[in-house]
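Engineer: Please read through the structure below; I'll follow up with questions.
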Amino acid sequence: MTDTTIAKLSDFVGEEVRLSGWLYNKRSGGKIKFLQVRDGTGTVQAVMVKNELPEEVFALYGELTQESSLIVTGLVREEPRSPSGYEMSVTGIEPVQIADPYPITKKEHGVEFLHNNRHLWLRSSRQYAIMHIRNQVIWAIREFFYNRDFVLIDSPLLTGSIGEEASTLFETEYFKLGKAYLAQTGQLYIEAACMSLRNVFCFGPTFRAEKSLTRRHLTEFWMIEAEMAYCDNEGNMKNQEEMLSHVAQSVVKNCRSHLETLERDISKLEGITPPFPRLDYGEAIKILQEKGSDVKWGDDLGAEDETILSNMHDKPVFIVNYPKHAKAFYMKENPDNPETVLCSDLLGPEGYGEIIGGSQREDDHDKLLARIREEKLPEKAYDWYLDLRKYGSVPHSGYGLGIERTVTWMCGIHHIREAIPFPRLMTRLTP
Ligand code: 4AD
Ligand code: MG
Numbered sequence: 024m025t026d027t028t029i030a031k032l033s034d035f036v037g038e039e040v041r042l043s044g045w046l047y048n049k050r051s052g053g054k055i056k057f058l059q060v061r062d063g064t065g066t067v068q069a070v071m072v073k074n075e076l077p078e079e080v081f082a083l084y085g086e087l088t089q090e091s092s093l094i095v096t097g098l099v100r101e102e103p104r105s106p107s108g109y110e111m112s113v114t115g116i117e118p119v120q121i122a123d124p125y126p127i128t129k130k131e132h133g134v135e136f137l138h139n140n141r142h143l144w145l146r147s148s149r150q151y152a153i154m155h156i157r158n159q160v161i162w163a164i165r166e167f168f169y170n171r172d173f174v175l176i177d178s179p180l181l182t183g184s185i186g187e188e189a190s191t192l193f194e195t196e197y198f199k200l201g202k203a204y205l206a207q208t209g210q211l212y213i214e215a216a217c218m219s220l221r222n223v224f225c226f227g228p229t230f231r232a233e234k235s236l237t238r239r240h241l242t243e244f245w246m247i248e249a250e251m252a253y254c255d256n257e258g259n260m261k262n263q264e265e266m267l268s269h270v271a272q273s274v275v276k277n278c279r280s281h282l283e284t285l286e287r288d289i290s291k292l293e294g295i296t297p298p299f300p301r302l303d304y305g306e307a308i309k310i311l312q313e314k315g316s317d318v319k320w321g322d323d324l325g326a327e328d329e330t331i332l333s334n335m336h337d338k339p340v341f342i343v344n345y346p347k348h349a350k351a352f353y354m355k356e357n358p359d360n361p362e363t364v365l366c367s368d369l370l371g372p373e374g375y376g377e378i379i380g381g382s383q384r385e386d387d388h389d390k391l392l393a394r395i396r397e398e399k400l401p402e403k404a405y406d407w408y409l410d411l412r413k414y415g416s417v418p419h420s421g422y423g424l425g426i427e428r429t430v431t432w433m434c435g436i437h438h439i440r441e442a443i444p445f446p447r448l449m450t451r452l453t454p
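Written out as structure tokens, the structure reads:
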């Protein structure tokens, strides 16, 4: 007898095979019983017929509880009415473990309850689909960068310099060296690496002590960051729109059934192709004010402002050249308007908000030092970063894409906490 998986059943029509999995659900039709068996590759209906099975095997139906683990043997049949196209006529069942009464049932559960049971909730069909799409997003991003000969550079997670904002740092004591911070970004390190390897990227968890509970913020999230030497902010945006379009098309192509599970409008993703519209920050402020927002020139855009701008387009939209003081210290001053910097935020469509933040970096030593002083950052910690502007400084640009924000958008789900296996929020550290 062959051991196989549900995903491969089409190779075994008319044959008897053995599957190892879990009982997702069951239903009785008197002398016929139906088991919904899942094995991590799919779900199949296994049919038990009373007069075709030894009595003790048929009696197992009563014992098998939801999520019991089991080995099922049976004959594979084509079944056009089943979603997978196949069904199994059971010839034998071997329980592995009879599960305790399962906390997650078919009835509606509250969000908090489900998150408290995240370790079990991951088995539900919706979470299964989201995790597959997350996997595809990450796969497609790596594929994009490797196809273009970018080199992966792993940046440290314990750092001595502040990458983004002092207000959202997680600190820890670090031996006799004082405070270490959990990385908010790998950018500063890959800026160093791009002067050696030209086009580089890093991919890892990043940490921000965000004191707000929104549907877009995690305290630990995964970020892909790219950095390119001899690249200006135009080239940077071009790379972003090509990368994100590749991701969307890869998800559409490889995750159709998962998108259907989530009832995602796939046409919305099919339309994600370059180029993306660009909107100057100043223009954006005017539009927002006309629509009744009280945002002023100089402010960073709030979540509501982003939602308004993002709802105006079917594609992601770049908001370019923000005011210097609304953005991080490392962004390059705009030669055409020194009050602004050469940067872009990419807002996802359908109200999903900022997906990517990117900029050309300040490559002038003195201007960068002035910004570090202006922001009252600990100068000493940036010695090495300033060195990059002393030894062969060149124009360079890069960006960071939040994986969970991208997954939330691809999946068309409401809240970012479902886009990561075990979310970390201000109010959640378990499971
Ligand atoms: O705009 P941010 O802060 O940019 C940086 O960190 C730069 N150093 C990136 C770079 O240029 N290399 O963050 C980048 C992206 C955001 O656009 C968003 O998608 C995501 O990271 N992000 C978060 N995702 C979830 N929870 C949070 N608290 C996030 N903060 C940022
Ligand atoms: Mg940003």
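Add 23 to a position in the sequence shown, counting from 1, and you land on the number used in my numbering. Ideal Cβ placement from N, Cα and C applies to all residues, glycine included. On a predicted model such as this, the values are computed, not experimentally measured, just so you know.
Counting only the same chain and skipping the five closest in sequence on each side, list residues whose C-beta sits under 7 Å from that of residue 92.
Structural biologist: For the purposes of this step, residue 92 is taken as the residue at position 69 of the sequence shown. So the list reads 45, 119, 120, once near-sequence residues are dropped.
Engineer: Considering residue 44, what are the terminal residues of the alpha helix (DSSP H) in which it resides?
Structural biologist: What you label residue 44 is simply residue 21 of the sequence shown in a count that begins at 1. Per DSSP, residue 44 belongs to no alpha helix (DSSP H); it is in the beta strand (DSSP E), 39-52.
Engineer: Does the region 377-394 come close enough to the region 162-178 to have 3 or more Cβ pairs within less than 8 Å?
Structural biologist: With the cut-off at 8 Å, the region 377-394 and the region 162-178 do not touch.
Engineer: Would you say the beta carbon of residue 380 is closer than 7 Å to some non-hydrogen atom of ligand 2?
Structural biologist: Within the sequence shown, the letter at position 357 stands for residue 380. True, at least one ligand heavy atom lies under 7 Å from that Cβ.
Engineer: I'd like the list of long-range same chain contacts for residue 412, defined as Cβ closer than 7 Å, with 5 residues on each side in sequence excluded.
Structural biologist: In the sequence shown, the residue the question calls residue 412 occupies position 389. For residue 412, where only same-chain residues beyond five positions count, the Cβ hits under 7 Å are 386, 387, 388, 391.
Engineer: Consult DSSP for residue 120 and reduce its assignment to one of helix, strand or coil.
Structural biologist: If you number the sequence shown from 1, residue 120 lands on position 97. Residue state, collapsed to three classes: strand.
Engineer: Between 377, 156, 346, which lies nearest to residue 362 when the distance is taken from Cα to Cα?
Structural biologist: The residue you call residue 362 lines up with position 339 of the sequence shown. For the residues 377, 156, 346, the minimum Cα distance to residue 362 belongs to 346.
Engineer: Just to check, is the beta-carbon of residue 405 closer than 7 Å to a non-hydrogen atom of ligand 1?
Structural biologist: Within the sequence shown, residue 405 is the residue found at index 382, counting from 1. Outside the cutoff, so no.
Engineer: Given that a residue counts as buried once 16 or more other Cβ atoms are within 10 Å of its Cβ, and exposed if not, what is residue 408?
Structural biologist: Locating residue 408 in the sequence shown gives position 385, counting from the first residue. Flag for residue 408 reads buried.
Engineer: Just to confirm my understanding: we take residue 360, look at its own chain, exclude 5 residues before and 5 after, and list those with CB closer than 8 Å. What are they?
Structural biologist: Start at 1 with the first residue of the sequence shown, and residue 360 comes out as number 337. Contacts found: 344.
Engineer: Taking three-plus beta-carbon pairs below 8 Å as touching, is the region 198-216 in contact with the region 293-312?
Structural biologist: The region 198-216 vs the region 293-312: no contact.
Engineer: Under the rule that 16 or more other beta-carbon atoms within 10 Å means buried, what is residue 29, buried or exposed?
Structural biologist: Translated into the one-based positions of the sequence shown, residue 29 becomes position 6. Buried, since its Cβ has 16 or more Cβ neighbours within 10 Å.
Engineer: Determine the closest residue to residue 251 out of 301, 32, 225, 125, with distance taken between C-alpha atoms.
Structural biologist: By 1-based counting over the sequence shown, the position of residue 251 is 228. Comparing Cα-Cα distances from residue 251 to each of 301, 32, 225, 125, the minimum goes to 225.
Engineer: For residue 258 and residue 446, I'd like the C-alpha separation in whole angstroms.
Structural biologist: One-based indexing of the sequence shown puts residue 258 at position 235. One-based indexing of the sequence shown puts residue 446 at position 423. The alpha-carbon atoms of residue 258 and residue 446 are separated by roughly 34 Å.
Engineer: Any heavy atom of ligand 2 closer than 7 Å to the CB of residue 368?
Structural biologist: Translated into the one-based positions of the sequence shown, residue 368 becomes position 345. Answer for residue 368: yes, Cβ within range of ligand 2.
Engineer: Looking at the secondary structure, which residues open and close the beta strand (DSSP E) in which residue 56 lies?
Structural biologist: The residue labelled residue 56 in the question sits at position 33 within the sequence shown. Where residue 56 is concerned, the enclosing beta strand (DSSP E) stretches over 55-61.
Engineer: On the premise that residue 341 lies in contact with residue 302, defined as a C-beta separation below 8 Å, what is that separation, rounded to the nearest angstrom?
Structural biologist: Mapped onto the sequence shown, residue 302 falls at position 279. Mapped onto the sequence shown, residue 341 falls at position 318. At roughly 7 Å, the Cβ-Cβ gap stays under 8 Å, so residue 302 and residue 341 are in contact.
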